[in-house]
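The sequence shown begins at 12 in our numbering and counts up by one.
The next block holds one structure in the form of structure tokens; read it before the comments.
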Amino acid sequence: LLAKVSRSLGSDGTRFVHAPRIAIHDSRRQHDCDDKRPTLTIREPKRGVNRSVRRVLIGMDDCYSGLDVASFTVTANFDFDGVSAGDNLSSRFKRLSDGVFEFQVMQEIKSLAGGTITVSIKDRQGNLSRIERTFSVKQ
């Protein structure tokens, strides 16, 4: 079976890529019925032009099988706070509350022509959510 990958655009311009995992029902494995992707959002930085970036704020939730926090990845297409472009930044995030994670940058970004942050998370069933945030920084 092949799953169809779909893409959508949020009201704030955030790009969503949806890649569902297909589960075949087996009465011995009730948790395989979860075919809903986790909810995932980037609150900061906002899409478009920012005056500065002091933190990255992410929200995530999954009401069915729960989040697989070990699958949480965050990458940027630019060097970010001492981390090379493309490397996983997720270890820099601190949990603020259930489903809310924050990365406070040590060196505030005051200028950036254009950058993209990509965030992904799976639920315990393997359903993947991924979003990209494109932004710039100009004072």
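Beta carbons: idealized from backbone N, C-alpha and C, even for Gly.
If you look at Ser101, you'll find it isn't in any beta strand (DSSP E); DSSP assigns it neither H nor E. With respect to the C-alpha of Leu139, the residue from Pro56, Val64 and Ser76 having the closest C-alpha is Ser76. In this structure, Asp92 lies near Met117, with their beta-carbon atoms less than 9 Å apart.
Ser131 counts as buried, since at least 16 other C-beta atoms from the protein chains shown sit within 10 angstroms of its C-beta. DSSP places Ala81 inside the beta strand (DSSP E), whose first and last residues are Leu78 to Ala87. Secondary structure of Lys149 (DSSP, three-state): coil.
For Ser63, there is no enclosing beta strand (DSSP E), since its DSSP letter is neither H nor E.
The residue from Arg135, Arg58 and Val67 with its alpha-carbon nearest to that of Arg103 is Val67. Looking from the CA of Val60, the closest CA among Ser82, Val85 and Gly126 belongs to Gly126. The C-beta of Asp109 has fewer than 16 other C-beta atoms within 10 Å across all chains shown, which makes the residue exposed. For Gln115, the enclosing beta strand (DSSP E) stretches over residues Val111 to Ile120.
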